[in-house]
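Enquirer: I'd like to ask you about the structure that follows.
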Amino acid sequence: MSESDPRKDPRFRPFRAAAYGLYIAVVSAFCIAVIIGVTRSVRAMTPEKKPAEEQVLSYRECLDAADSLWSQLESEREKLVRISPARDVDKEWLTFRTHWLQGMRDTEARCALESRDRAHLKEVFRRLEDVQDLYSIHAVQYAGEVGGVVDALRGAFSTARKNPAAGRLP
Numbered sequence: 006m007s008e009s010d011p012r013k014d015p016r017f018r019p020f021r022a023a024a025y026g027l028y029i030a031v032v033s034a035f036c037i038a039v040i041i042g043v044t045r046s047v048r049a050m051t052p053e054k055k056p057a058e059e060q061v062l063s064y065r066e067c068l069d070a071a072d073s074l075w076s077q078l079e080s081e082r083e084k085l086v087r088i089s090p091a092r093d094v095d096k097e098w099l100t101f102r103t104h105w106l107q108g109m110r111d112t113e114a115r116c117a118l119e120s121r122d123r124a125h126l127k128e129v130f131r132r133l134e135d136v137q138d139l140y141s142i143h144a145v146q147y148a149g150e151v152g153g154v155v156d157a158l159r160g161a162f163s164t165a166r167k168n169p170a171a172g173r174l175p
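If you're matching positions, the sequence shown starts at 6 in my numbering and goes up one per residue.
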């Protein structure tokens with residue numbers, strides 16, 4: 006007759022059940038904490054859309070405001086490659102992004118984009134947000150994948166410039 010597996014001793018069944026229960030409880034608590042943390046972070050970084058304000062801007066003013074938002078976005082994107090250390094690009098961008106989105110939400114509320122005669126304006130604002138999302142992805146990828154290499158290159162340049170054969174820069 007074969008012997009039963011000593012690891013499956015029936016005397017220890019309550020302890021195994023308690024250990025499995027404790028394991029499941031700890032893992033569940035950890036997962037819930039992560040989900041809550043991520044949800045709070047996303048909410049903090051993405052302002053909600055506001056209802057339309059009573060004082061509505063003219064179509065031209067809204068278009069100019071959207072153009073201004075675009076200029077701000079593009080200007081900040083151009084600064085990404087000049088931030089040092091390059092590994093911090095994503096942090097800088099996400100700080101800018103939150104303030105920029107708040108400004109965009111305020112402008113959207115003043116422009117009453119839900120009215121039928123402003124469908125083209127609504128499309129402009131939607132595309133602005135799409136571009137901003139792609140720029141955010143770009144900033145995170147640049148910081149994570151390229152940032153370290155760019156920082157190393159800048160360091161190599163700095164070291165090479167210290168060599169007396171490099172001469173003095175004006």
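We put the CB at the ideal spot given by N, CA and C, even for glycine. Predicted model only: the values in this text are computed from it and were never measured.
According to DSSP, is I88 helix, strand or coil?
Expert: Here DSSP, grouped into helix, strand and coil, assigns I88 to coil.
Enquirer: For V86, count the other beta carbons within 10 Å of its own beta carbon; 16 or more makes it buried, fewer makes it exposed. Which is it?
Expert: exposed
Enquirer: Is the beta carbon of T102 sitting closer than 8 Å to the one on Q137?
Expert: Note on identity: in this sequence residue 102 is Arg, with Thr being the wrong assignment. Yes, these two residues count as a Cβ contact at 8 Å.
Enquirer: Assign V32 to one of two classes, buried (16 or more other C-beta atoms within 10 Å of its C-beta) or exposed (fewer than that).
Expert: It counts as exposed.
Enquirer: Could you tell me the alpha carbon to alpha carbon distance between K96 and T44, rounded to whole angstroms?
Expert: Within the model, the alpha-carbon separation for K96 versus T44 is close to 18 Å.
Enquirer: Starting from the Cα of D93, find the closest Cα among E119, R18, H143 and give me that residue.
Expert: H143
Enquirer: Given 8 Å as the limit, is there contact between the region 13-33 and the region 69-78, that is, 3 or more CB pairs closer than that?
Expert: Contact fails between the region 13-33 and the region 69-78, because fewer than three Cβ pairs, one in each stretch, are under 8 Å apart.
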